[in-house]
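J.:
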Amino acid sequence: MSHSEAPKPGLDPLIPLIGDLMFLLIPVGLIWYCDIAGNFTGPMSRGGYVDVETPGWLVAGFGWLVLLGIFIYHVFVAGPVLMPNR
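In the numbering used here, each residue's number is its place in the sequence shown (first place is 1) plus 32.
Dropping the structure here:
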């Protein structure tokens, strides 16, 4: 066996990407199920209570703003995940 072979990267570069994809589930869920999320009324944590429904377009708009924020963060702050500087 030769020791001149370069080690394979494995899944190490994908771990931040997997975390980001899991975080995307929240805004995508708000966009896809905006009417269901907006129709929620009832008790909340810390003794709060929601008694007015939120319009679906407002819930979906918030989901799109979160997605836009994630995009801006990755383009201008974090940089590319899968193509690091060499």
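A virtual CB, placed ideally from N, CA and C, is assigned to each residue, including glycine. Bear in mind the structure is a predicted one, so any value in this text is a computation, not a measurement.
#1: How would you write the range of the alpha helix (DSSP H) that Val4 sits in, first residue to last?
#2: For the alpha helix (DSSP H) holding Ala92, just list the boundary residues, first then last.
#3: Quick one: is Phe94 near chain D, going by C-beta distance under 8 Å?
#4: Between Gly51 and the rest of its own chain, which residues show a CB-CB distance below 8 Å, the 5 nearest in sequence each way excluded?
#5: Spatial neighbours of Ile104 within its chain, please: CB distance less than 7 Å, with the 5 preceding and 5 following residues excluded, ordered by chain position.
#6: Is the beta carbon of Val91 closer than 8 Å to that of Leu69?
T.: Answer, in terms of the structure:
#1: Beyond the ends of the chain as shown, which are 33 and 118, falls residue 4; an answer cannot be given.
#2: Gly88 to Ile104
#3: In summary, chain D is missing from the structure at hand, where a single protein chain is found.
#4: Around Gly51, the same chain offers no residue with a beta carbon nearer than 8 Å, after the five sequence neighbours per side are excluded.
#5: Within the same chain, Ile104 has no close Cβ partners at all.
#6: Per the sequence presented here, residue 69 reads as Ala, with Leu not at that position. It is a contact, given that the beta carbons lie within the stated cut-off.
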